[in-house]
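Heads up: the sequence shown begins at 1 in the UniProt record's numbering, then just goes up one per residue. Notes to accompany the following structure.
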Amino acid sequence: MVVHICNNFVVSKVHYNLITKMQDHSEQLVLVPYRNANQKGNFENGNLQGKIEYIRIYNSLIKFFPFMKVILVTLLCFFSLKGRKPKYILAHTMWSDGVCAFLLSKVFNVKYSIVVRNTDINVFLPKLLVYRWLISLVFENADNVIFVSVAHKRRLLKEYPNIYSKIINPVVIPNGIDDYWIENKIKKETRKIDQVCFVGKFDRNKNLDAIYNVSKDLIEKHDVKFNLVLLGGDVSEFKDLVGVECLPQWLSIVPKTNDNETICRLYRDSKVFFMPSHTETFGFVYFEALSQGCAIMATKGEGIDGYLVGDFAKFNLSKDYESMKGNLKYLLESYSNGVGVEVVSEYLNNLSWDQISLNYRKLIGIG
1 MVVHICNNFV VSKVHYNLIT KMQDHSEQLV LVPYRNANQK GNFENGNLQG KIEYIRIYNS
61 LIKFFPFMKV ILVTLLCFFS LKGRKPKYIL AHTMWSDGVC AFLLSKVFNV KYSIVVRNTD
121 INVFLPKLLV YRWLISLVFE NADNVIFVSV AHKRRLLKEY PNIYSKIINP VVIPNGIDDY
181 WIENKIKKET RKIDQVCFVG KFDRNKNLDA IYNVSKDLIE KHDVKFNLVL LGGDVSEFKD
241 LVGVECLPQW LSIVPKTNDN ETICRLYRDS KVFFMPSHTE TFGFVYFEAL SQGCAIMATK
301 GEGIDGYLVG DFAKFNLSKD YESMKGNLKY LLESYSNGVG VEVVSEYLNN LSWDQISLNY
361 RKLIGIG
């Protein structure tokens, strides 16, 4: 039995997709600490029915005491196992899940692996200075340390070399993408319109002000012709985030939708997908866009940096508007027919959840 410790299970379908595929080959048990009662039962269907143990944390103040929280979660996970011994433990984050996995591995004398994500690199490692000793122990004792992003692996090596040196087996396994995008990837190159798109949540992290200001400068000062379409929020949200009173004619806002066909048409029409997030674990939307032939504009040192390699993908620091302007202009001029079918297939074929699950199972030697 593989035991998953997964604080974020109730808020992200990424974990559900992976564990569902792993359950097809061997028994899985998911331990899910949660605070909000409305979150219980999220994604509990299909072959994971009866495989999830929800662990309610009633004290909302405990989030301000990270060490006490992980100790409490460890105790609650131990009692939730009810005497069942794991064959292997997989922690889906470095801190919130990883410390628990480390402690339980000592109790049950089993191996564990941890997954390093965006919040680990950008929040917990920088801020939990007093617990660096514990983080080092988690890394040092892990059977494998799995990075979702090549960029985050590089950053850990560069910014925390003493911690990185403790890792026995660092590997990169990206998140998968929904089967829809693999099944509906482009089969031939088609002429695209002069359009740049964004698909995602309207929030500060997605850096919409950079998208807007870079586009505005190119269109109004450098006579570069294109439309900008932002999908994922409403006009009032955009105005509040960017600080504008009215929308220019070249900008369109499309409300959030879960309809893949609508999103697919937007990608298929657009030359470039532009999402310069300040921080990003992986960003499956980049690959959704790539599946329809979009060239990619993303953030240096985050998410897919180091995974996508080629002239069709440009990476910039999230505040480097000048670099963004040059790269966006280049992609618009260079990819009138989008990214080639061969390139799209090369990346997409390795990102099915079946393949990602197989990579995990081979790594931990289960199933």
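Backbone N, C-alpha and C define an ideal beta-carbon position, used for all residues, glycine too. Just so it is clear, the structure is predicted and the values come from calculations on it, not from any experiment.
Between the alpha carbons of residue 184 and residue 311, how many angstroms are there, rounded?
23 angstroms
Nearest-angstrom Cα separation, counted from residue 314 out to residue 143
34 angstroms
Would you kindly work out how many angstroms separate the C-alpha atoms of residue 192 and residue 322, rounded to a whole number?
25 angstroms
Comparing alpha-carbon positions, which option in 85, 7, 106 lies nearest residue 141?
106
Could you check which residue in 316, 7, 89, 49 has the C-alpha nearest to that of residue 138?
89
Proximity of residue 35 and residue 281 at Cβ, strictly below 8 angstroms:
no
Taking only the alpha-carbon atoms, compute the straight-line gap between residue 306 and residue 85 and give it to the nearest angstrom.
A straight line joining the alpha-carbon of residue 306 with that of residue 85 spans about 38 angstroms.
CA-CA distance, residue 403 and residue 213?
The displayed coordinates of the chain run from 1 to 367. Any statement about residue 403 would go beyond what the structure contains.
From the DSSP output, in three-state form, read off residue 332 for me.
helix
Give the C-beta separation of residue 51 and residue 357 to the nearest angstrom, bearing in mind that I take them to be a contact with Cβ-Cβ under 8 angstroms.
Distance from residue 51 to residue 357 at the Cβ level is roughly 15 angstroms; contact not present, criterion being Cβ atoms closer than 8 angstroms.
Mapping DSSP to helix, strand and coil, what is residue 56?
strand
May I ask you to list the residues that DSSP assigns as paired with residue 116?
147
Which residues mark the beginning and the end of the alpha helix (DSSP H) in which residue 15 is found?
13-23
What separation, rounded to the nearest whole angstrom, lies between the Cα atoms of residue 338 and residue 346?
15 angstroms
Does DSSP put residue 171 in a helix, in a strand, or in coil?
strand
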